[in-house]
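Trainee:
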Amino acid sequence: MLRVKNIDVFYGKIHAIRRVSLHVREGEIVALIGGNGAGKTTLLTTISGLVRSRNGVIEFRGKNISREKPDRIVRMGISHVPEGRLVFKPLTVEDNLLLGAYHRVSLFSSRGVEEDLEKVYSIFPVLRERRKQLAGTLSGGEQQMLAIGRALMSRPKLLLLDEPSMGLAPTIIREIFGYIVELRDTLGLTVLLVEQNAWSALKVADRGYVLETGRIVLQGPASDLLNNRDVQRAYLGRDLDAEVPID
Amino acid sequence: MEEVRCWEPEYECMDREDLEQLQLERLQSTLTRVYRNVPFYRKKFDELGINPEDVTSLSDLRNLPFTTKDDLRENYPYGLFAVPLREVVRIHASSGTTGMSTVVGYTKNDIKTWSNLVARILTAGGVTKDDVVQIAFGYGLFTGGFGLHYGAERIGASVIPISSGNTRRQIKIMQDFKTTALVCTPSYALLIADTIHEMGVNVNSLSLKYGLFGAEPWSEGMRKEIEEKLKIIATDNYGLSEVMGPGVAGECLERNGLHINEDHFLVEVVDPETLEPVEPGEVGELVITTLTKEAFPVIRFRTRDLTRLITEPCACGRTSVRMSRVMGRTDDMLIIKGVNVFPSQIEAVLFEIEGTEPHYQIVIDRKGALDEVTVYVEVSESIFFDQMKKQREMIEYIKKRLAAELGISVDVKLVEKKTLERFEGKAKRVIDRRKL
Chain A
1 MLRVKNIDVF
11 YGKIHAIRRV
21 SLHVREGEIV
31 ALIGGNGAGK
41 TTLLTTISGL
51 VRSRNGVIEF
61 RGKNISREKP
71 DRIVRMGISH
81 VPEGRLVFKP
91 LTVEDNLLLG
101 AYHRVSLFSS
111 RGVEEDLEKV
121 YSIFPVLRER
131 RKQLAGTLSG
141 GEQQMLAIGR
151 ALMSRPKLLL
161 LDEPSMGLAP
171 TIIREIFGYI
181 VELRDTLGLT
191 VLLVEQNAWS
201 ALKVADRGYV
211 LETGRIVLQG
221 PASDLLNNRD
231 VQRAYLGRDL
241 DAEVPID
Chain B
248 MEEVRCWEPE
258 YECMDREDLE
268 QLQLERLQST
278 LTRVYRNVPF
288 YRKKFDELGI
298 NPEDVTSLSD
308 LRNLPFTTKD
318 DLRENYPYGL
328 FAVPLREVVR
338 IHASSGTTGM
348 STVVGYTKND
358 IKTWSNLVAR
368 ILTAGGVTKD
378 DVVQIAFGYG
388 LFTGGFGLHY
398 GAERIGASVI
408 PISSGNTRRQ
418 IKIMQDFKTT
428 ALVCTPSYAL
438 LIADTIHEMG
448 VNVNSLSLKY
458 GLFGAEPWSE
468 GMRKEIEEKL
478 KIIATDNYGL
488 SEVMGPGVAG
498 ECLERNGLHI
508 NEDHFLVEVV
518 DPETLEPVEP
528 GEVGELVITT
538 LTKEAFPVIR
548 FRTRDLTRLI
558 TEPCACGRTS
568 VRMSRVMGRT
578 DDMLIIKGVN
588 VFPSQIEAVL
598 FEIEGTEPHY
608 QIVIDRKGAL
618 DEVTVYVEVS
628 ESIFFDQMKK
638 QREMIEYIKK
648 RLAAELGISV
658 DVKLVEKKTL
668 ERFEGKAKRV
678 IDRRKL
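Heads up: the protein sequence lines correspond to chains A and B, in order.
Quick note on the numbering used here: the first sequence kicks off at 1 and runs consecutively.
Quick note on the numbering used here: the second sequence kicks off at 248 and runs consecutively.
(1) Could you please tell me which residues of the region 257-291 of chain B, in chain order, have their CB closer than 8 Å to any CB of chain A?
(2) Give me whichever residues DSSP pairs with residue 754 (chain B) in a beta bridge.
(3) For residue 93 (chain A), which of A:227, A:120 and A:76 has the nearest alpha-carbon?
(4) What number of angstroms, rounded off, separates the C-alpha of residue 354 (chain B) from the C-alpha of residue 363 (chain B)?
(5) Residue range of the alpha helix (DSSP H) that residue 287 (chain B) falls in?
(6) Who are the Cβ neighbours of residue 646 (chain B) in its own chain at under 6 Å, not counting the five residues just before and after it?
(7) Alpha carbon to alpha carbon, how far is residue 411 (chain B) from residue 359 (chain B)? Give it in angstroms, no decimals.
(8) For residue 678 (chain B) and residue 608 (chain B), which I take to be in contact (beta-carbon distance under 8 Å), what is that distance rounded to the nearest angstrom?
(9) Could you please tell me which residues of the region 210-229 of chain A, in chain order, have their CB closer than 8 Å to any CB of chain B?
(10) Is residue 300 (chain B) close to chain A, meaning its C-beta is less than 8 Å from at least one C-beta of that chain?
(11) When the Cα atoms are used, what is the spatial distance from residue 267 (chain A) to residue 499 (chain B)?
(12) Determine the chain A residues that contact residue 334 (chain B) at a beta-carbon separation under 8 Å, and present them in chain order.
(13) Reducing DSSP to helix, strand and coil, say where residue 480 (chain B) ends up.
(14) Residues of the region 10-23 of chain A in Cβ contact with chain B at a cutoff of 7 Å, in chain order, please.
(15) Can you list, in chain order, the stretches of the beta strand (DSSP E) that have 3 or more residues and sit fully within the region 402-449 of chain B?
(16) Can you tell me which of the three DSSP states residue 399 (chain B) falls into?
(17) Can the beta-carbon of residue 418 (chain B) be found less than 8 Å from the beta-carbon of residue 390 (chain B)?
(18) What number of angstroms, rounded off, separates the C-alpha of residue 303 (chain B) from the C-alpha of residue 50 (chain A)?
(19) So what does DSSP say about residue 345 (chain B), is it helix, strand or coil?
(20) For residue 266 (chain B), which residues in the same chain have their Cβ closer than 7 Å to its Cβ, ignoring the five residues on either side in sequence?
(21) I'd like the list of long-range same chain contacts for residue 69 (chain A), defined as Cβ closer than 8 Å, with 5 residues on each side in sequence excluded.
(22) What three-state label does DSSP hand residue 142 (chain A) in the structure shown?
(23) Please classify residue 164 (chain A) as buried or exposed, where buried requires at least 16 neighbouring CB atoms within 10 angstroms.
(24) Measure the alpha-carbon distance for residue 403 (chain B) versus residue 159 (chain A) and round it to whole angstroms.
(25) Using a Cβ-Cβ cut-off of 8 Å (strictly less than) and excluding sequence neighbours within five positions of residue 370 (chain B), which residues of its own chain qualify?
(26) Decide yes or no for the touch test of the region 191-211 of chain A against the region 14-31 of chain A: beta carbon pairs closer than 8 Å, at least 3 of them.
(27) Which ranges does the beta strand (DSSP E) cover as unbroken runs of at least 3 residues, wholly within the region 525-591 of chain B, from first to last along the chain?
(28) Select from the region 470-489 of chain B all residues with a C-beta closer than 8 Å to any C-beta belonging to chain A, and list them in chain order.
(29) Please classify residue 433 (chain B) as buried or exposed, where buried requires at least 16 neighbouring CB atoms within 10 angstroms.
(30) Does the Cβ-Cβ distance between residue 428 (chain B) and residue 473 (chain B) come in under 8 Å?
(31) For residue 491 (chain B), count the other beta carbons within 10 Å of its own beta carbon; 16 or more makes it buried, fewer makes it exposed. Which is it?
(32) What separation, rounded to the nearest whole angstrom, lies between the Cα atoms of residue 10 (chain A) and residue 16 (chain A)?
(33) Closer than 7 Å by beta-carbon distance: list the chain B residues that pair up with residue 64 (chain A), in chain order.
(34) Would a check of beta-carbon distances place residue 426 (chain B) closer than 8 Å to chain A?
(35) Could you tell me the alpha carbon to alpha carbon distance between residue 60 (chain A) and residue 101 (chain A), rounded to whole angstroms?
(36) Report the three-state DSSP secondary structure of residue 310 (chain B) (helix, strand or coil).
As structure tokens, then:
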């Protein structure tokens, strides 16, 4: 579904993404893991067209989108849930969701927007309960659900999720990742997920890529990455040599 | 035709474009890792001014240097490992040789991948979880036994790890345990077939259905003989320890070329002289780059095996490129009883023994189904004429030394000076009378 080939991204002189290639097949959940500043967010924003790659190809459903504008990319079926959720805090929950469908709403038609709103509410019942509440009054977990719900309003085929677990309590993280799997299983969504919380991400993902200083150093089935000692040491917080068995 | 069975259809029947994307991604991260973790590759790339990040297509592979068996030997034992030893869970070494062996390692993930790839080959060869698989490959440093063993277990078949040798016992177990699939070298399969006949066992009373044979070159004629004598479907499979072991490629029931596991191995066929790629479909030396190995990745490894690639689609539905059965070697390596032997090893041993002349000849023959090697050595006149006892001692001594060096037993015959044929130019030291 998504195919990225040899892209390089520069911020001025800083070479943030170095010859990265990756792909996501339809119906897959793919995790992109790596430390701070590895280039994970840059990669996502490049796919959604907010940042331009210097070279290389980004193909979405067979079409090169590396020179498309972000709004075109959304229309084509890629929806981006940004890091830190970035919900519009002074607006109500429902207005936030409607904004996710802004490109489909005009004075004359709102093709199926009501229907989609209903769908989002059925997936996230808590959003229905709080539909008239200001987004700023929601908890972190609820804001994350709102951000995902907003992304769903554009009827995406591919969801780009940037650090959905950030700042959330472990039980909430589990809940959010549960939703991600549900979206794939019930709506047939394809998901590219960026996470520092490598363990949670790899637990739900089918495959994963490890990004280090702009380069992909490892990739493979998520279960293999969970088994890989480099990954365990660097991202799963396990220092294997320091582990002492407890009697 | 019966229904096509694949172990991992999502990879074995992959769309070409998807496969090439996957290969490129895996190649790029493999190069990043070897450059970072293996001083040998870093030094070589740096010397040639190659930045692994410049590889942006599969054809860029051509600009990278080859890796040879000598490179592996020079880095004996662990020099080419790409992970620390504590992450290695298994170590194998190339078969037979002692002084010249090459050592390879596997991480936990490598073993998992290996098992899966062998499972693909077993499945392609007809084996399912309902089969009883008798593995008559040697277990040990040789990758054959363990490689097939783990693959068969992965499928869920019942595995009999009988190892090689004791042919009558093999047949007894075959009868009693109701073995349905036999895994060994093709020559051993023939020996088993002949022994079955000698023992007066009716082949039809056995449960054998499939045979998966590898580790040495064989021919269509041999396949026919094995299939007829054992009443089985015999498939060929290919692998080498330097790259992984068995599981690199294997035939499906169409028996028309070996499907290469291309999502894990990138193959090229080059002219052994110019080292340039041959025309598509032409015969040349197989060169392999591993795409997923963690502990022991190799970049453009020269296998010395001659083959050609078959790109026409196979009736089985797998989309992978096939290789023809190995047609020969580009070096002088001999495969005797499944063990790799270089004439230079024999020469080195003879050279160290006092009283031998620098003329020798190695004759290989196949008695029944088994390889027999006789080394003819010229000795000085004094030894040849009058000292029977000394002669016998000398023969025993050479035999012992050769067995220790080669890992197989060979026969030794002493001959009078100047009795062996002399050659102008390149001497013909090896006479291979085996008919494949």
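Yeah, the Cβ is synthetic: ideal placement off N, Cα and C, and Gly gets one too.
Mentor: Taking the definition as stated:
(1) 265, 268, 269, 271, 272, 273, 275, 276, 279, 280 and 283
(2) One cannot answer for residue 754 (chain B) here, as it falls past the ends of chain B, which runs 248 to 683.
(3) Your numbering for residue 93 (chain A) matches position 93 in the first sequence. Checked all of A:227, A:120 and A:76; the closest Cα to residue 93 (chain A) is A:120.
(4) In the second sequence, counting from the first residue as 1, residue 354 (chain B) sits at position 107. In the second sequence, counting from the first residue as 1, residue 363 (chain B) sits at position 116. Using only the alpha carbons, I get a separation of about 14 Å.
(5) Within the second sequence, the letter at position 40 stands for residue 287 (chain B). Where residue 287 (chain B) is concerned, the enclosing alpha helix (DSSP H) stretches over 286-294.
(6) Within the second sequence, numbered from 1, the residue matching residue 646 (chain B) stands at position 399. Taken in chain order, the residues that qualify are 659.
(7) Counted from its first residue, the second sequence places residue 359 (chain B) at position 112. Counted from its first residue, the second sequence places residue 411 (chain B) at position 164. The alpha-carbon atoms of residue 359 (chain B) and residue 411 (chain B) are separated by roughly 24 Å.
(8) One-based indexing of the second sequence puts residue 678 (chain B) at position 431. One-based indexing of the second sequence puts residue 608 (chain B) at position 361. Sure, about 7 Å apart at Cβ, within 8 Å.
(9) 215, 216, 217, 218, 219, 220, 224, 227, 228 and 229
(10) On the second sequence, residue 300 (chain B) is found 53 positions in, with the first residue counted as 1. Output row for residue 300 (chain B): interface = yes.
(11) There is no way to answer for residue 267 (chain A), as the model of chain A reaches only from 1 to 247.
(12) Position 87 of the second sequence, counted from the first residue, corresponds to residue 334 (chain B). The answer, in chain order, is 229.
(13) As a position in the second sequence, residue 480 (chain B) is number 233, starting the count at 1. It is a strand residue.
(14) 18, 19, 21, 22 and 23
(15) 405-407 and 428-431
(16) On the second sequence, position 152 is the one that residue 399 (chain B) refers to. The answer is helix: DSSP assigns residue 399 (chain B) an H, G or I state.
(17) Here residue 418 (chain B) corresponds to residue number 171 of the second sequence, with the count starting at 1. Here residue 390 (chain B) corresponds to residue number 143 of the second sequence, with the count starting at 1. Cβ distance not < 8 Å, so residue 418 (chain B) and residue 390 (chain B) don't count as in contact.
(18) Your numbering for residue 303 (chain B) matches position 56 in the second sequence. Your numbering for residue 50 (chain A) matches position 50 in the first sequence. Distance between the alpha carbons of residue 303 (chain B) and residue 50 (chain A) is about 24 Å.
(19) The residue labelled residue 345 (chain B) in the question sits at position 98 within the second sequence. For residue 345 (chain B), the predicted model reports a pLDDT of 44, less than 50, meaning its position is unreliable and no value from the coordinates is stated.
(20) Position 19 of the second sequence, counted from the start, is the residue given in the question as residue 266 (chain B). Excluding positions up to five away in sequence, the list reads 509 and 510.
(21) On the first sequence, residue 69 (chain A) is found 69 positions in, with the first residue counted as 1. Once the five neighbours on either side are set aside, the close Cβ partners of residue 69 (chain A) are 49.
(22) Residue numbering aside, residue 142 (chain A) sits at position 142 when the first sequence is read from its first letter. Helix at residue 142 (chain A).
(23) Start at 1 with the first residue of the first sequence, and residue 164 (chain A) comes out as number 164. Counting Cβ neighbours within 10 Å, residue 164 (chain A) comes out buried, since at least 16 surround it.
(24) Counted from its first residue, the second sequence places residue 403 (chain B) at position 156. Counted from its first residue, the first sequence places residue 159 (chain A) at position 159. Those two C-alpha atoms are separated by around 38 Å.
(25) For the purposes of this step, residue 370 (chain B) is identified with residue 123 of the second sequence, where counting begins at 1. Around residue 370 (chain B): 252, 253, 254 and 402.
(26) yes
(27) 531-537, 548-554, 581-583 and 586-588
(28) none
(29) Within the second sequence, numbered from 1, the residue matching residue 433 (chain B) stands at position 186. Answer is buried; the Cβ neighbour count reaches 16.
(30) If you number the second sequence from 1, residue 428 (chain B) lands on position 181. If you number the second sequence from 1, residue 473 (chain B) lands on position 226. No, they are not a contact pair.
(31) The count along the second sequence starts at 1 and reaches residue 491 (chain B) at position 244. Answer is buried; the Cβ neighbour count reaches 16.
(32) Sequence index remark: in the first sequence, residue 10 (chain A) carries index 10 (1-based). Sequence index remark: in the first sequence, residue 16 (chain A) carries index 16 (1-based). Distance between the alpha carbons of residue 10 (chain A) and residue 16 (chain A): 5 Å.
(33) Position 64 of the first sequence, counted from the first residue, corresponds to residue 64 (chain A). Those do not exist, as residue 64 (chain A) stays about 14 Å from chain B at its closest Cβ, beyond 7 Å.
(34) As a working mapping, residue 426 (chain B) is identified with position 179 in the second sequence. No, because no Cβ of chain A sits closer than 8 Å to the Cβ of residue 426 (chain B).
(35) Within the first sequence, residue 60 (chain A) is the residue found at index 60, counting from 1. Within the first sequence, residue 101 (chain A) is the residue found at index 101, counting from 1. Rounded to the nearest angstrom, the two C-alpha atoms are 21 Å apart.
(36) In the second sequence, residue 310 (chain B) corresponds to position 63, counting from 1. DSSP places residue 310 (chain B) in helix when its eight states are reduced to three.
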